[in-house]
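Participant: Once you've had a glance at the structure underneath, I'll fire off some questions.
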Amino acid sequence: MAGTEASMGGSQPRREALNERRVWHVYARRKYDEPLHEIGNVVADDVELARVYARSIYDEFPWIEMVLVPRDCIVTVIAP
Numbered sequence: 001m002a003g004t005e006a007s008m009g010g011s012q013p014r015r016e017a018l019n020e021r022r023v024w025h026v027y028a029r030r031k032y033d034e035p036l037h038e039i040g041n042v043v044a045d046d047v048e049l050a051r052v053y054a055r056s057i058y059d060e061f062p063w064i065e066m067v068l069v070p071r072d073c074i075v076t077v078i079a080p
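Counting along the sequence shown from 1, when you hit position 51 you're at 51 in UniProt numbering, and nothing is skipped either side.
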């Protein structure tokens, strides 16, 4: 019944094992006089991996600044 055990959660998929559920919002700017704006997001286990993903995925422009914000750190001020 090992197959049944695995299908009932006895064996976790790789994504669960790595905890790749943390979403990081990526903000960047191309000029000093421009504000940061959101250019996308990445999913990564930790900040170091998120940095690598952000730099490699969003490298289409010569950004002067790029920052990451974990989605779970965003605070809602006004909600619908």
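Cβ atoms here follow ideal geometry from the backbone N, Cα and C, with glycine treated the same way.
For I39, which option in Y53, D45 and D33 has the closest C-alpha, if you only look at C-alpha atoms?
Facilitator: Counting from 1 along the sequence shown, the entry for residue 39 is found at position 39. Out of Y53, D45 and D33, Y53 has the C-alpha closest to the C-alpha of I39.
Participant: What three-state label does DSSP hand A28 in the structure shown?
Facilitator: As a working note, residue 28 is residue 28 in the sequence shown. Here A28 sits in strand by DSSP.
Participant: Suppose contacts are defined by Cβ-Cβ distances below 9 Å. Is R29 in contact with A50 by that definition?
Facilitator: Taking the first residue of the sequence shown as position 1, residue 29 is located at position 29. Taking the first residue of the sequence shown as position 1, residue 50 is located at position 50. No; because the gap between Cβ atoms is not below 9 Å, this pair is not in contact.
Participant: Which class does E65 belong to by DSSP, given the choice of helix, strand or coil?
Facilitator: Sequence index remark: in the sequence shown, residue 65 carries index 65 (1-based). In this structure, E65 counts as strand in the three-state DSSP scheme.
Participant: For the beta strand (DSSP E) containing E38, list its first residue and its last residue.
Facilitator: For the purposes of this step, residue 38 is taken as the residue at position 38 of the sequence shown. From DSSP, the beta strand (DSSP E) with E38 extends over H37 to V43.
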